[in-house]
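Residues in the sequence shown are numbered from 5 upward in steps of one, following our numbering.
Here a beta-carbon is modelled for each residue, glycine too, at the ideal position from N, C-alpha and C.
Below: the structure, in structure tokens.
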Amino acid sequence: MEKMQKPILLDGSMGQELANRGAKTQYGLWAVAALYEHPTMVQTVHEDYIRAGAEVITTNTYATTRTRLRHVGQEDRLAELVRIAGTLAIQAREKTQAKHVKIAASLPPLEGSYISNFKLDFDSMVAEYRELMDLLEPSVNIYLAETLSTSQEARAVLTAAQDKNKPVWISWTLQDHGSSTLRGGESIQQAIDSIRDFSVDAILINCCTPDSIEAALPTLQASNMPFGAYANGFVEIPTDWAYLDSVKQLESRTDLSPKHYAQQAKKWLHAGASIIGGCCEVAPQHIAKLHAIIDDIV
């Protein structure tokens, strides 16, 4: 079989991995609290992913948006917390002596995961994303906008990044159980078409069930853009999702072992994915297995 070009291996979960290791994930803050209560644990998680073979680690900034921090009375700590997150990723790279590892800025949904009824208008979204990019710019190599439910969020990120000299990756989340529809209701094709006028370095799918990623693969292939995927390990995101209650509403799968997850990821690779990794409930041992299969097939 002809060897494919080696894909980029991302890390896996941060927030859920911290929770699984005993970190307090406070109401409304999730993994943010670990930045000041368990910073050593955050750095250790980064290190474990690097040792598992990850070539890109992602900053623990998924919940450090101005809007989310305002909700829990921590808005005045935005700059401090974002800079701590960037520093911990850098320290992990230095401690593991992994100079080749790149750091991606996690640019999340600004108000909450899996929603599309935004209170923020487009210009406010752009301003918040630009602020996050500015704060993270000294620490990161890539801007990764992840778990987006709409094309509007993607366009806001790309508008904010227009004067930035770093790669920008856009990652959408899909409805679960074999759907190729964004959680906000658009098709993945509509979402891709909506960003054609921007410079985008990669498009991805994340934080949904693996079979939804598989359903989106033909559209990703036809986009003629570099693409990738990283699934979560939840049974599903419920249709009555209340984002302020966070992941307490979610049930983790018991059948997504590192071996099983790698079998799913092989499908993405054979379809042409150039970036793979893991999202919530995907741990360092899963990433190690992905590293092994990449070595086998490349």
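Buried versus exposed, by CB contacts within 10 Å (16 or more), residue i
i, result
"H181", "exposed"
"I72", "According to the sequence as given, residue 72 is Arg; it is not Ile. Classification for R72: buried."
"S155", "buried"
"Q194", "exposed"
"K293", "buried"
"N228", "exposed"
"A35", "buried"
"S110", "buried"
"T151", "buried"
"E115", "buried"
"R97", "buried"
"E79", "exposed"
"P222", "exposed"
"G19", "buried"
"H290", "buried"
"H42", "buried"
Chain-order list of residues whose beta-carbon lies under 8 Å from that of residue i (same chain, five-residue window excluded)
i, result
"T100", "E51, I54 and R55"
"D108", "Note that residue 108 corresponds to Ala in the displayed sequence, not to Asp. If we look at A108 and ignore the five residues flanking it on each side, its Cβ neighbours are L14, V60, I61, T62, T63, V144, N145, I146, Y147, L148 and W173."
"V105", "I54, A58, E59, V60, I61 and R97"
"D249", "With a pLDDT of only 49 at D249, under the threshold of 50, the placement of this residue in the model should not be trusted, and no figure is reported."
"S278", "Q9, P11, I12, A206, P230, F231 and G232"
Close-in-space but distant-in-sequence residues of the same chain around residue i (CB under 7 Å, 5 per side omitted)
i, result
"V86", "T65, T68, L136, L139 and L140"
"I4", "Because the chain spans 5 through 302 in this model, residue 4 falls outside it and cannot be assessed."
"P288", "G16, D52, Y53 and A56"
"H295", "L13, A56 and G57"
"A89", "L39, T63, N64, T65 and T68"
"R134", "A164"
Which listed residue (the options) has its alpha carbon closest to that of residue i
i, options, result
"P214", "R200, A226, G232 and S203", "G232"
"H264", "H274, G237, A277 and L39", "G237"
"D125", "E157, R134 and K106", "E157"
"T258", "V105, V239 and A266", "V239"
"T185", "L162, A220, I207 and E132", "A220"
"F202", "V161, G281, T48 and I94", "V161"
"P230", "C283, I209 and E190", "I209"
"C283", "A37, N121, P112 and E84", "P112"
"I192", "Q225, A83, A131 and R74", "Q225"
"L254", "A165, C212, S261 and V49", "C212"
"N121", "A275, G189 and L22", "G189"
"A271", "T243, I301 and I207", "Looking at the sequence itself, residue 271 is Lys, so the reference to Ala does not match. When each option's Cα is compared against that of K271, the closest is I301."
"V49", "S278, A37 and E21", "E21"
"P142", "K168, A277 and I291", "K168"
"Q179", "A235, S128 and S198", "A235"
Beta-carbon proximity list for residue i, same chain, < 6 Å, skipping 5 on both sides
i, result
"S183", "S216"
"I196", "S227"
"P171", "I146 and D205"
"V286", "G16, S17 and G237"
"Q95", "Q47"
"M5", "Because the pLDDT of M5 is 37, which lies under 50, any placement of that residue in the model is unreliable, and the question is left without a value."
"L260", "G237"
"G276", "Q225"
"A269", "I280 and L294"
"V130", "A160, T163 and A164"
Only counting runs of 4 or more residues, tell me where the alpha helix (DSSP H) segments fall wholly within the region 132-200, in order along the chain. Taken in chain order, the complete alpha helix (DSSP H) segments of 4 residues or longer contained in the region 132-200 are 155-164 and 192-198.
Which complete beta strand (DSSP E) runs does the region 97-123 hold, if anything under 3 residues is left out? Listed in chain order, the complete beta strand (DSSP E) runs (minimum 3 residues) inside the region 97-123 are 106-111.
Beta strand (DSSP E) runs wholly inside the region 220-298, at least 3 long, in chain order: Inside the region 220-298, DSSP marks whole beta strand (DSSP E) runs of 3 or more residues at positions 231-234, from first to last along the chain.
For the region 25-95, list the alpha helix (DSSP H) runs that are entirely contained and at least 4 residues long, ordered along the chain. Along the length of the region 25-95, whole alpha helix (DSSP H) runs at least 4 residues long occupy 38-41, 43-56 and 70-75, reported in chain order.
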